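Before any comments, here is the structure.
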Amino acid sequence: PSSEAKSSVGRGHALDPARLSFPALAPTRAAVLAALIEVSGRPDATHRLGVRENLGELVHRNVSLREAPTASAATVYSGVVYDAIGVANLDPPSQRRARAWIVVVSALWGAVRLGDRIPSYRLNMCGRLPGLGHLPQVWQAPLAEVLPAAAGRGVVVDFRAAEYATAWRPTGALAERTVVVKVVRDDERSRGAGSYNAKHTQGRIVRRIVTDAIDAYRPEALAELLAQHFEVDLRQPRRPGHPWSLHVVESPS
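Going by the numbering used here, the sequence shown opens with residue 18, and the numbers climb by one from there.
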């Protein structure tokens, strides 16, 4: 999933970048963090970061990110998708799978796992940082180095929003076992749904994957297993070296 909404963190240890997953991302993380801290102290910070002006106070808190309290990414990332996943109320085996299988793509950290301890922050992939430019381009090469190995041999299930998807696109054989999930309305099967129910459905799919231990090695197998709980339509890539598409009809919350 992507990483837009965040919850505040009241107490916790300060950030330890060396303990985050994907240590090869450390140099880029350090550069993005330094640029974010610098720009967040400017009067025009909200404009530069592409966020609403009424979030100015939250943006200003970015200047203290190195000293800010941290919590697990599962706690910090919030919103409808993460509420529907409900990591906190999963049984222990499902929680272990969630922490091992789920990777969150982030504008600040590149990619993290749910057990990584991070502070709450304000930055999205649309933001532009001084000296770095467009963040998806900043992350493309670093993520291409680490995410293919993290994918293992199974199917990659991609729930990312468009701007986050541009930060890393699987290629070759990996793309051919990647499934991009698109939640659609029942009455308009080809049109994407951006509603509360659509996001809730995404979270329910993730939760189902970890609770049922769905470790599929083929897109067809993934679709077959999810079809037991959702109305799905698996679509083949239009050409070799591209991902599959799984259309899932949104379900009520």
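Don't be surprised by glycine CBs; every beta carbon is placed ideally from N, CA and C. On a predicted model such as this, the values are computed, not experimentally measured, just so you know.
With fewer than 16 other Cβ atoms inside 10 Å of its own Cβ, leucine 72 counts as exposed.
At a Cβ-Cβ threshold of 7 Å, valine 172 and leucine 75 do not count as neighbours. Looking at the DSSP output, alanine 31 bridges to Pro86. About 11 Å separates the beta carbon of arginine 134 from that of alanine 85, a gap too long to meet the 8 Å contact definition. Assignment of leucine 146 by DSSP, reduced to helix, strand and coil, places it in the strand class. Glycine 189: member of the alpha helix (DSSP H) spanning 189 to 192, first to last residue.
Between the beta-carbon of proline 236 and that of arginine 186 there is about 17 Å, and that puts the pair past the 8 Å contact cut. By the Cβ neighbour-count rule, histidine 217 is buried, with 16 or more other Cβ atoms within 10 Å of its own. With respect to the 7 Å criterion, valine 196 and leucine 263 are classified as neighbours on the basis of their beta carbons. Following the DSSP letters along the chain, one finds glycine 127 in no alpha helix (DSSP H) but inside the beta strand (DSSP E) bounded by residues 127 to 130.
At the C-beta level, arginine 130 and serine 38 come within 7 Å of one another. Between proline 147 and alanine 158, the alpha-carbon positions lie close to 19 Å from each other. Counting the other Cβ atoms within 10 Å of the Cβ of glycine 150 gives fewer than 16, which makes it exposed. Per the DSSP secondary-structure output, isoleucine 135 pairs in a beta bridge with Ala88. Distances from the CA of alanine 161 to each of Phe176, Ala192, Gly144 were compared; the closest alpha carbon is that of Ala192.
Three or more Cβ pairs closer than 8 Å define a contact, and the segment 110 to 128 meets that threshold against the segment 23 to 40. Taking C-beta atoms under 8 Å as the contact rule, valine 174 and valine 198 qualify, at a distance of about 6 Å.
The residue among Trp118, Ala117, Ala91, Leu251 with its C-alpha nearest the C-alpha of alanine 105 is Ala91. Secondary structure of threonine 195 (DSSP, three-state): strand. Going by DSSP, arginine 252 is part of the beta strand (DSSP E) stretching over 249 to 252. Measuring C-alpha to C-alpha distances from tryptophan 261 to each of Arg113, Thr188, Arg221 identifies Thr188 as the nearest.
Of the candidates Arg252, Gly96, Tyr213, Ser268, the residue whose Cα lies closest to the Cα of serine 25 is Gly96. No Cβ-Cβ contact shorter than 7 Å links arginine 225 with serine 19.
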